[in-house]
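A.B. asks: The sequence shown begins at 393 in the numbering used here and counts up one residue at a time. Quick reminder that beta carbons are idealized off the backbone N, C-alpha and C, glycines included. I'd like to ask you about the structure that follows.
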Amino acid sequence: MKKVADVFSIGAQFIDYCKKEGWIIEKGSGKNKAWYITEEGEEKLKKFNIKI
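Below you can see the structure in the form of structure tokens.
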């Protein structure tokens, strides 16, 4: 068995992937940072069983 996964790292990498695909738009910075799901993103994320 391999090392225990760092779930925070996996989550951050998935968010980066979604941003690159145009599924998520990031606005703001620091405490004011927010993420918005695009219409395409909403459809694509359903394939991962993620419902927005």
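Our contact map puts I416 next to G433 with C-beta atoms below 8 Å; I'd like the distance itself, whole angstroms only.
C.D. replies: So it is a contact: roughly 6 Å between Cβ atoms.
A.B. asks: Going by beta-carbon coordinates alone, are E435 and W427 separated by less than 7 Å?
C.D. replies: No, these two residues do not count as a Cβ contact at 7 Å.
A.B. asks: Ordered along the chain, which non-local residues of its own chain (more than five positions away) have a Cβ less than 6 Å from that of C410?
C.D. replies: So the list reads I416, once near-sequence residues are dropped.
A.B. asks: Our contact map puts T430 next to G414 with C-beta atoms below 8 Å; I'd like the distance itself, whole angstroms only.
C.D. replies: T430 to G414, Cβ: 6 Å. Contact.
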